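Okay, so here's the structure we're looking at.
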Amino acid sequence: VQAASNGDNPIMSVKPTLKLQWPGDLVNQVLTGDARHLGKAIPRNSVDLVMCDPPYLKADLPIYSWLSRFAYRVLKPGGYLFVYGGMEHLPTILSRLTESRLHWFWLDTLSHADGTPSIYSKHLYSVTKPLVVMTKGKPTRLPWRRTLHSDHMDKRFHEWGQGIGVPHKLILLLTDPGDIVCDPFCGGGTVAAACSLSGRQYVTFEADPFTAEQARIRLGWIQYPLQPPDLKAEQPALFRDNPDPQQANGD
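Residue 190 in this note's numbering sits at position 53 of the sequence shown, with consecutive numbering throughout.
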């Protein structure tokens, strides 16, 4: 592992042949390299949540088979996998994500608050994006939450960047301070930034050196709040502590 100083975020350039030590060489670092190699350094049952936005062009679909195996190995029992996906290839994505022993949980929907990406092959303006939810066995956390999300796209750090609102909300809801969240496809560092804002630790990989450096710069700007946000107090509509019993079995 080669490291150079960059504020509070060292520049980590990793060769697959080098031995990474868990957790020191991986946690709260943006590692440059292929997640399929770097991810081998994460021990089994050591991550509390996996959340990522993989590439979802047709040529990229095999990565979801790897992601399924990877998430099943590194997640703690009862942990969640949240995966942004493309609607056009959703059947294949779902099929590949179930190749391991991960359990299908739900299909959340992200509504774009701005912009309508064009699906040229079908002449569609898409205003939503699927968010696939899987679990490793029976989930250890089962809070009431909404399955329809709205967020602004954020292209400042990556051309396909997502907004930070949804990851931030889910991380606060499904993990505790100090827990480890893994994003094997860092991109502009949205998930890692959400972790930093929430007092969670992150493990993330990015294959492109320039993009990885952009993510490190972004993370260097973030200061963990002195008082962690109380999501339940700030956004009570996200929680339903006393749901209508007639609706408890449906959605």
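Yeah, the Cβ is synthetic: ideal placement off N, Cα and C, and Gly gets one too. Bear in mind the structure is a predicted one, so any value in this text is a computation, not a measurement.
CA nearest to the CA of Ala-349, picked from Val-220, Phe-322 and Leu-212 = Mapped onto the sequence shown, residue 349 falls at position 212. Comparing alpha-carbon positions, the option among Val-220, Phe-322 and Leu-212 lying closest to Ala-349 turns out to be Phe-322.
How would you label Asp-185, buried or exposed, when you count the other beta carbons within 10 angstroms and need 16 or more for buried?
-> On the sequence shown, residue 185 is found 48 positions in, with the first residue counted as 1. With 16 or more Cβ atoms within 10 Å of its Cβ, Asp-185 is classed as buried.
So, helix, strand or coil for Thr-348, using DSSP?
-> Your numbering for residue 348 matches position 211 in the sequence shown. If DSSP states are grouped into helix, strand and coil, Thr-348 belongs with the helices.
For Asn-379, is the classification buried or exposed, using 16 other Cβ atoms within 10 angstroms of its Cβ as the cut-off for buried?
-> For this step, residue 379 is matched to residue 242 along the sequence shown. Unreliable placement is indicated for Asn-379, whose pLDDT of 47 sits below 50; the coordinate value is still reported in the next sentence. The residue in question, Asn-379, is exposed, as its Cβ has fewer than 16 Cβ neighbours within 10 Å.
Looking at C-alpha atoms only, which residue of Ala-172, Ala-329, Pro-214 and Gly-336 is the closest neighbour of Arg-353?
-> As a first step, residue 353 is located in the sequence shown; it is residue number 216 there, counting from the start. The shortest Cα separation from Arg-353 among Ala-172, Ala-329, Pro-214 and Gly-336 belongs to Ala-329.
Compute the distance between the beta-carbons of Tyr-339 and Lys-273, then report whether it is under 7 Å.
-> The residue given as residue 339 occupies position 202 in the sequence shown. The residue given as residue 273 occupies position 136 in the sequence shown. No, they are not a contact pair.
Hey, could you find the ends of the alpha helix (DSSP H) Phe-207 is sitting in?
-> Here residue 207 refers to the residue found at position 70 when the sequence shown is read from its first residue. Its alpha helix (DSSP H) spans residues 200–211.
Using the Cα positions of Asp-345 and Asp-245, report the straight-line distance between them to the nearest angstrom.
-> Within the sequence shown, numbered from 1, the residue matching residue 345 stands at position 208. Within the sequence shown, numbered from 1, the residue matching residue 245 stands at position 108. A direct Cα-Cα distance of roughly 29 Å separates Asp-345 from Asp-245.
Quick one: measure Cβ to Cβ for Leu-212 and Leu-218, integer angstroms, because I've assumed they're closer than 8 Å.
-> Counted from its first residue, the sequence shown places residue 212 at position 75. Counted from its first residue, the sequence shown places residue 218 at position 81. Between Leu-212 and Leu-218 a beta carbon distance of about 7 Å is seen, short of the 8 Å cut, so the two are scored as contacting.
If you count every other CB in all the chains shown that lies within 10 Å of the CB of Leu-285, and 16 or more means buried, which is it?
-> Here the question's residue 285 lines up with position 148 in the sequence shown. So Leu-285 counts as exposed.
So does the region 162–171 actually touch the region 307–316, counting three or more Cβ pairs closer than 8 Å?
-> Fewer than three Cβ pairs drawn from the region 162–171 and the region 307–316 lie within less than 8 Å of each other, which leaves the two stretches out of contact.
Report the three-state DSSP secondary structure of Asp-288 (helix, strand or coil).
-> Start at 1 with the first residue of the sequence shown, and residue 288 comes out as number 151. Strand, per DSSP.
Confirm, please, whether the CB-CB distance from Ala-178 to Leu-157 is below 7 Å.
-> Residue 157 sits at position 20 when you count from the first residue of the sequence shown. Residue 178 sits at position 41 when you count from the first residue of the sequence shown. In contact: Leu-157 and Ala-178 (Cβ atoms closer than 7 Å).
Roughly how many angstroms separate the alpha carbons of Ala-331 and Met-188, rounded to a whole number?
-> On the sequence shown, residue 331 is found 194 positions in, with the first residue counted as 1. On the sequence shown, residue 188 is found 51 positions in, with the first residue counted as 1. Cα to Cα, the separation comes out at about 11 Å.
At what residue ranges does the region 154–199 contain a whole run of the alpha helix (DSSP H), taking only runs of 4 or more?
-> 172–175
What residue range is occupied by the uninterrupted alpha helix (DSSP H) comprising Pro-254?
-> Taking the first residue of the sequence shown as 1, we reach residue 254 at position 117. Note, Pro-254: premise wrong, no alpha helix (DSSP H); not H, not E.
With C-beta atoms as the reference, is Phe-207 less than 7 Å away from Gly-161?
-> Looking up residue 207 in the sequence shown gives position 70. Looking up residue 161 in the sequence shown gives position 24. The Cβ atoms of Phe-207 and Gly-161 lie no closer than 7 Å to each other.
Please check the pair Gly-215 and Tyr-193, which I expect to be a contact at CB under 8 Å, by giving their CB distance rounded to whole angstroms.
-> Position 78 of the sequence shown, counting from 1, holds the residue named residue 215. Position 56 of the sequence shown, counting from 1, holds the residue named residue 193. Actually they are not in contact, since the Cβ atoms of Gly-215 and Tyr-193 sit about 27 Å apart, beyond 8 Å.
When the distance is taken between beta carbons, is Asp-316 closer than 7 Å to Arg-337?
-> Walking along the sequence shown from the start, residue 337 turns up at place 200. Walking along the sequence shown from the start, residue 316 turns up at place 179. Arg-337 is a Cβ neighbour of Asp-316, given a cutoff of 7 Å.
8 Å Cβ shell around Gln-383 - same chain, five flanking residues per side excluded = Residue mapping note: residue 383 aligns to position 246 of the sequence shown, counting from 1. Because Gln-383 carries a pLDDT of 48, less than 50, the predicted location of this residue cannot be relied on, and the following value inherits that uncertainty. Around Gln-383: no qualifying Cβ.
Might you give, ordered along the chain, the residues of its own chain that have their beta carbon closer than 7 Å to the beta carbon of Ser-142, omitting 5 neighbours on each side?
-> As a first step, residue 142 must be located in the sequence shown, where it is residue number 5. Bear in mind that the predicted position of Ser-142 carries a pLDDT of just 35, short of 50, making it unreliable; the figure below should be weighed with that in mind. Hits under 7 Å: none found.
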